[in-house]
Structure formats: C-alpha cells, structure tokens
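If you're matching positions, the sequence shown starts at 13 in our numbering and goes up one per residue.
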Amino acid sequence: MVRVCWLVRRDGSHQPIKLAHLQTVLLGRGPETKIIDKKCSRQQVQLKADYNKGYISVKQLGVNPTSVDLVDVGKGNEVKLKPGQLLHIVNQKYPYTVQFREGAADNTISPTKEGKPSSKRPQEASPENSSAKSAPPSSKIPRLEAPNRDSERCRQESHSSTSIPSPKTPERKESGGHWSQGLKSSMQDPKMQVYKDEQVVVIKDKYPKARHHWLVLPWESISSLKAVKKEHLALLKHMHSVGEKIVQDCPAFSTLQFRLGYHAIPSMSHVHLHVISQDFDSPFLKNKKHWNSFTTEYFLESQDVMEMVERNGKVTVKDGTNELLKLPLRCHVCRKELSTIPQLKEHLKMHLP
C-alpha cells in the first residue's frame, strides 16, 4: 500500500485530481477543473503535496484572490492546506478539499459517484466528551455496519459490539474516581473498544460531537499534551497512523471530511487523539464550548503536534487559548456567524452531504 493525495471538488463537478509527492502542479481555468470563469487565471495556483507532513502547499499565482478557509492567500504568498480545510480557487468560488489515503501499489483509487475518491478494498473494515506507519498487521480493525442513513451510523455503532483482536497488552484496573479520569476506565471496556494493539486502543466517544467520533489513546500513562516529550514522537505517529486507518475504513469516508487532533487544554485526563467527522451532526453538541473546542485553534492538528514535538521536544500551548472557547459561533465551512446553537445546527444542514 502507498499513500495517495487527492484534490477533491466539493460539488463533484469533475474527477478528483491526484497530486504526486513533492511535485509541483499548476491549476486554474481549464478542462481539468472545468472552470471557465475568466477571473480565474489558467495558472491560478501552484500546488505541492507533502505526503510525509500531510498537507498541500498552496501558492497564489493569479491576480484575483485564492483563499483557504475564506482567508485570502495573496499573490505570491504560500500557505498550507490540510485535511478538513477548504480551498477556494478564486473569489471564494470553486471549493476544494484535500484527502490523503492509502492506495493500492499501482496508486489506483476509484472516485465515487459524488466525485470523491473511494479505494477499492477486498473488505470494508473499521472503528470524549465535550501516521507514519500503518496499523500493525497483527491487529485488525473490525467491520463497521453501514445503515441506510449516514446520520444514524455513529449512534448505531455505539450500541453494537465488535470482536477485537487481543494482543498481549497489560490490562489495568481503574477504580472509580473523578469524572476527568473516565477515559482510563473507558479504554478498558470491551464494549467501547473498536481497535487495540500493543501501543494504543481506539474507543468510541461516549458523547460524540459528530456522526463519527473516536478517541485514540496510548496504553502508556501520559496525563496530557504537557507531559509529551520527544521520546513520545514515535507513539504520536503511530496514534496518527491508526486514526487515519479508522477514517479510511469508515463507510462515510468518501462523503464526509475528517480531522485528527488534540484539544489544547483537555478536560479529560490521559492524552487522547480525536478522530472526528466534520458534519457535527450530534445531539451531544450542546454549547459554545463544545463547538469552539473543535472549530478554532483550540483544536490542535495532529500533524502540527507531531511537528512541534519533533522540532521542540514538547508541545507549547499559546497564552489565552482558553479564551478561544468564548468566541462567537461561526460556521466552520462558510464562516457565517450564528447567535445560538439551534441556529447553528439548522444552518449546518445546508452543508451536509
């Protein structure tokens, strides 16, 4: 299996565009993008995918503005486009997202009818509150059922038990205690587990904030990101790799966007990686704190955390990060400001696939 990067048009108006590792690609008006808007240059953007770091470098070449998450890049400037972010080629039009996934040795991935990539696999397999290597061959990720409506998948998963491989991992008994210690007991609960190996366990979030929401936790006792050191880098990479595998094996992979990351200041003890779909269609998403903890810089991208640990040997959280939880409610797709959570949820329906 090899890694493949795809640039995917949100409206599915053309086939996904494959971006090779560290190869420069020029895109703009033309048959490949089906853009005929003359305000878009034929060479509007320069793209370069970095498979190792998990993002695309976007450089604006055209005169009219290219944007990432509705922030203009500026002619001659270069920014990163990561999974979960939205690239508008010109004038807030023609939205694209980036997807990294594992493909066959010949790098072939078949797009779905919606125009988003979907790998051909012999079998479909899969997997808190509010990826350097693939998962070890000795551990299999159990199959997820795919009900008729995607909006019910995540909640139905939480009521189904799956068989989990049982490598020799130390079983730890946790006595009852403060609610913030709840993850330590949940990670030992077979009904919560969807995957485990000798280094990590994946559990379903007990109060999912989206249709699909899992937590990747190390067996090693690491209280929080503050306790992470350079010696944990390989573990963080493995957690990221397992998280990506969970996403790739999810039935909704081709229709929903996913992000992998950590809360800068988590409420739960024991470091954990969130793997969460970007629909945020969940009855458990109830307040501004829930929303902003996943849609502002309070949510640290897994890739950024790994780079920070590799560079500095630790994770640094900016002063005032807690204040991000008090920001106004803004749609994470179009950035429209809403007054209440019910208004926000109603608005989000227009962005659902």
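Glycine is no exception: its CB is placed at the ideal position from the N, C-alpha and C atoms.
Asked	Found
Between G74, W231 and L285, which lies nearest to D217 when the distance is taken from Cα to Cα?	L285
When you compare each of K196, P220 and H344 to V212 by their alpha carbons, which one comes out closest?	K196
Identify whether E140 lies in helix, strand or coil by the three-state DSSP scheme.	Residue placement at E140 cannot be trusted, given a pLDDT of 44 that sits under 50; the coordinates are not used to answer.
Nearest-angstrom Cα distance between V80 and Q97?	7 Å
Got a sec, what are the start and stop residues for the beta strand (DSSP E) V259 sits in?	From DSSP, V259 is part of no beta strand (DSSP E) but of the alpha helix (DSSP H) over L245 to Q260.
My parser needs the alpha helix (DSSP H) runs of 4 or more residues fully inside the region 289-331; what are they?	300-307 and 314-324
Helix, strand or coil: how does DSSP classify G194 here?	helix
With H, G and I counted as helix, E and B as strand and the rest as coil, what does DSSP make of Q72?	strand
Could you name the residues of the same chain whose beta carbon sits closer than 7 Å to that of Q355, not counting the 5 residues immediately before and after it, in chain order?	none
I'd like to check one pair, L339 with K221: are the Cβ atoms closer than 9 Å?	no
Spatial neighbours of M318 within its chain, please: CB distance less than 7 Å, with the 5 preceding and 5 following residues excluded, ordered by chain position.	L245, L248, K249 and H252
Alpha carbons only, please: which of L38, L59, N76 and N64 is nearest the one belonging to C52?	N76
If you measure between the beta carbons of Y63 and V110, is that distance less than 9 Å?	no
Kindly give me the distance between the Cβ atoms of H275 and Y310, rounded to whole angstroms, as I take these residues to be in contact under 8 Å.	6 Å
Helix, strand or coil for Q56 per DSSP?	coil
Thinking C-beta only, is G40 closer than 9 Å to L73?	yes
Look at V259 and K326 and say whether their C-beta atoms are less than 9 Å apart.	no
Which residues mark the beginning and the end of the beta strand (DSSP E) in which H359 is found?	No beta strand (DSSP E) holds H359; the alpha helix (DSSP H) holding it covers I353 to L360.
Do L341 and L350 have their C-beta atoms within less than 9 Å of each other?	yes
Can you list, in chain order, the residues of its chain whose CB lies under 8 Å from that of T78, leaving out five sequence neighbours each side?	Q56, V57, V70, Q72, D84, V85, L99, H100, I101 and V102
What are the start and end residues of the beta strand (DSSP E) that includes V85?	Where V85 is concerned, there is no enclosing beta strand (DSSP E), given that its DSSP letter is neither H nor E.
Which residues in the same chain as I29 place their Cβ atom closer than 6 Å to its Cβ, once the five residues preceding and following it in sequence are excluded?	L19
Below 8 Å on the Cβ atoms is my guess for K242 versus V321; work out the distance and round it to an integer in Å.	6 Å
Give me the Cβ distance between K87 and D49, rounded to the nearest whole Å; I'm assuming they're in contact under 8 Å.	That pair is no contact at about 17 Å.
For L99, report the span of its beta strand (DSSP E) as first-last.	L99 to V102
Please name the residue in T333, V329, V37 and H363 whose C-alpha comes closest to that of K301.	T333
May I ask which residues mark the beginning and end of the beta strand (DSSP E) holding K92?	E90 to L93
State the beta-bridge partners of W226 as determined by DSSP.	K216 and V287
Between P107 and chain B, is any beta-carbon pair separated by less than 9 Å?	No chain B appears in this structure, which consists of one protein chain only.
Sort P278, K208 and H363 by Cα distance to I234 and report the nearest one.	P278
Could you tell me the alpha carbon to alpha carbon distance between K238 and P43, rounded to whole angstroms?	49 Å
Taking the alpha carbon of M280 as the point to measure from, which residue in Y219, R347, I47 and L31 has its own alpha carbon closest?	Y219
Rounded to a whole number of angstroms, what is the C-alpha to C-alpha distance between Q89 and R54?	The sequence shown places Asn at residue 89, not Gln. So the alpha carbons of these two residues sit roughly 18 Å apart.
According to DSSP, is A61 helix, strand or coil?	strand
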